[in-house]
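All residue numbers for the sequence shown refer to the working numbering, where the first residue is 29 and numbers rise by one.
Yeah, the Cβ is synthetic: ideal placement off N, Cα and C, and Gly gets one too.
Treat the numbers as computed from the prediction; the structure is a model and nothing was measured.
One structure below.
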Amino acid sequence: MATSACLRFTRKVWRSFLETKGHDKQCFPNLVIHDATPGTVHASLEVQPSNLNRVGTGRVPRQHGMQPENL
Numbered sequence: 029m030a031t032s033a034c035l036r037f038t039r040k041v042w043r044s045f046l047e048t049k050g051h052d053k054q055c056f057p058n059l060v061i062h063d064a065t066p067g068t069v070h071a072s073l074e075v076q077p078s079n080l081n082r083v084g085t086g087r088v089p090r091q092h093g094m095q096p097e098n099l
């Protein structure tokens, strides 16, 4: 199956983010981009201990008064 131009571009941009060794490299080194079309990226991330908070979960408590549609 041929790789779309959008997918090639998205993977190229992601590789450049990882090569700069900043926040993305620290937090999401295991992110895999599977597919991309204009406006949508399908990816997976193997959650590692570095992705968890200090109590060992990935949940971020919602601030008082914040609704999902406002996030």
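Spatial neighbours of residue i within its chain, please: CB distance less than 8 Å, with the 5 preceding and 5 following residues excluded, ordered by chain position.
{"i": "GLN54", "result": "SER78"}
{"i": "PHE37", "result": "ALA64"}
Ignore the nearest five residues each way along the sequence and tell me which others in residue i's own chain have a CB closer than 6 Å to its CB.
{"i": "LEU59", "result": "ALA71 and LEU73"}
What residue range does the beta strand (DSSP E) around residue i cover?
{"i": "SER72", "result": "68–73"}
For residue i, decide whether its Cβ has a neighbour in chain C, counting only Cβ atoms nearer than 8 Å.
{"i": "ILE61", "result": "This model lacks chain C altogether, as it is built from one protein chain only."}
Grab me the residues of residue i's own chain with a C-beta within less than 7 Å of its C-beta, minus the 5 sequence neighbours each way, in chain order.
{"i": "ARG39", "result": "ILE61"}
{"i": "VAL69", "result": "THR38 and ILE61"}
{"i": "PHE56", "result": "LEU73"}
Alpha helix (DSSP H) runs contained entirely in the stretch 35–64, provided each spans 4 or more residues: Counting only runs of 4 or more, we get 51–55.
Segment contact flag, the stretch 42–50 with the stretch 74–86, C-beta cutoff 8 Å, min 3 pairs: Three or more beta-carbon pairs separated by less than 8 Å are not found between the stretch 42–50 and the stretch 74–86, which leaves the two stretches without contact.
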